[in-house]
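Trainee: According to the working numbering, the sequence shown is numbered sequentially starting from 8. Quick reminder that beta carbons are idealized off the backbone N, C-alpha and C, glycines included. These numbers come from a predicted model, not from an experiment.
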Amino acid sequence: MTKGSVIAYQELLDELQKLNIKYEMVDHPAAKTTEEADAYIAGKIGVRTKSMFLKDKKKNFYLVIMDDAKRMDFKEFQELTGTKRISMAHDSDIEDQLGLEAGIVSPFGIMNNTAHNIQIYFDQDMLDENIPLTFHPNINTHTIFLSAADLMKFIKAQGFDYQIIDL
């Protein structure tokens, strides 16, 4: 855990409080994978999510948020969004654009994106479940549970828009 991630975590909590967003937090040892994080929150109700940070050859960035049980179909994503030549962003892109380390990518990283050059996509399936979504809150020693509506309120408050697609 870096000093920067502790600051990013506290800034997120301050922002959620400012926006009057309710959440539940689970503290746990550092989780390097979604499987580890899921084990620490076993038995708690919530959609286990993954946030994938992607880019295309023109250096356009995309944040795709989906159920971590689903597999990302890059070809389908490109067809749905009209994008071309999509790939996973490099660790340096994650740091530059989101101010986060690889493995801690979440929608909360957009707080650090002053360029507002990230397009955000939610997979419809996980929103249909109407239960809290789970993420690392800019640090991998906690898991936050919050409603999809509150997450979207957070995204809008950061000056971003989002689209819901059916992956």
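Skipping 5 residues on each side, what residues in its chain have a beta carbon closer than 6 Å to that of H143?
Mentor: Taking the first residue of the sequence shown as position 1, residue 143 is located at position 136. Closer than 6 Å at the Cβ level, and outside the excluded window around H143, lie I111 and S113.
Trainee: Quick one: grab the DSSP three-state call for E31.
Mentor: Residue mapping note: residue 31 aligns to position 24 of the sequence shown, counting from 1. Strand at E31.
Trainee: Nearest CA to the CA of H123: which residue from D45, P36 and Y169?
Mentor: Start at 1 with the first residue of the sequence shown, and residue 123 comes out as number 116. Cα-wise, what sits closest to H123 is Y169.
Trainee: So, F84 versus I93, is the Cβ gap smaller than 9 Å?
Mentor: To locate residue 84, count along the sequence shown from 1; it is residue 77. To locate residue 93, count along the sequence shown from 1; it is residue 86. Yes, the pair counts as a contact, with Cβ atoms nearer than the cut-off.
Trainee: State the CB to CB distance for the pair F60 and L105, rounded to an integer number of angstroms; the pair is presumed to be in contact (CB under 8 Å).
Mentor: Taking the first residue of the sequence shown as position 1, residue 60 is located at position 53. Taking the first residue of the sequence shown as position 1, residue 105 is located at position 98. Right, their Cβ atoms sit about 7 Å apart.
Trainee: Assuming L107 and N67 make a contact with CB atoms under 8 Å, what is their CB distance in whole Å?
Mentor: Here residue 107 is taken as the residue at index 100 of the sequence shown, counted from 1. Here residue 67 is taken as the residue at index 60 of the sequence shown, counted from 1. Going by Cβ atoms, the distance from L107 to N67 rounds to 19 Å, so no, they are not a contact pair.
Trainee: Measure from the alpha carbon of G53 to the alpha carbon of each residue in Q126, F167, L153 and M79, then state which is nearest.
Mentor: Taking the first residue of the sequence shown as 1, we reach residue 53 at position 46. It is L153.
Trainee: Only counting runs of 4 or more residues, tell me where the alpha helix (DSSP H) segments fall wholly within the segment 23–75, in order along the chain.
Mentor: Segments of the alpha helix (DSSP H) lying fully in the segment 23–75: 41–47.
Trainee: For a test of the three-state rule: what should DSSP assign to M95, helix, strand or coil?
Mentor: Translated into positions along the sequence shown, residue 95 becomes position 88. It is a strand residue.
Trainee: Please classify I117: does DSSP put it in a helix, a strand, or coil?
Mentor: Locating residue 117 in the sequence shown gives position 110, counting from the first residue. Note: I117 maps to helix in three-state DSSP.
Trainee: Would you call I14 buried or exposed, if buried means 16 or more other Cβ atoms sit within 10 Å of its Cβ?
Mentor: The count along the sequence shown starts at 1 and reaches residue 14 at position 7. By the 10 Å Cβ count, I14 comes out exposed.
Trainee: To the nearest angstrom, how far is it from the Cα of G116 to the Cα of A46?
Mentor: Taking the first residue of the sequence shown as position 1, residue 116 is located at position 109. Taking the first residue of the sequence shown as position 1, residue 46 is located at position 39. Roughly 23 Å separates the two Cα atoms.
Trainee: Using only CA atoms, which one of D21, E22 and I171 lies nearest to D130?
Mentor: Along the sequence shown, one-based indexing puts residue 130 at 123. Nearest C-alpha to D130: I171.
Trainee: State the DSSP-derived secondary structure class of L153, mapped to helix, strand or coil.
Mentor: Taking the sequence shown and counting its residues from 1, one reaches residue 153 at position 146. Strand.
Trainee: Could you check the C-alpha separation between A109 and E102 for me, to the nearest Å?
Mentor: Start at 1 with the first residue of the sequence shown, and residue 109 comes out as number 102. Start at 1 with the first residue of the sequence shown, and residue 102 comes out as number 95. Answer to the nearest angstrom: the Cα atoms are 8 Å apart.
Trainee: Could you tell me whether the Cβ atoms of D132 and D74 are closer together than 9 Å?
Mentor: The sequence position of residue 132 within the sequence shown is 125, counting from 1. The sequence position of residue 74 within the sequence shown is 67, counting from 1. Yes, these two residues count as a Cβ contact at 9 Å.
Trainee: Roughly how many whole angstroms lie between the Cα atoms of Y128 and L26?
Mentor: Here residue 128 refers to the residue found at position 121 of the sequence shown. Here residue 26 refers to the residue found at position 19 of the sequence shown. The alpha-carbon atoms of Y128 and L26 are separated by roughly 22 Å.
Trainee: Measuring straight from C-alpha to C-alpha, what distance separates P139 and A155?
Mentor: By 1-based counting over the sequence shown, the position of residue 139 is 132. By 1-based counting over the sequence shown, the position of residue 155 is 148. One C-alpha to the other measures close to 7 Å.
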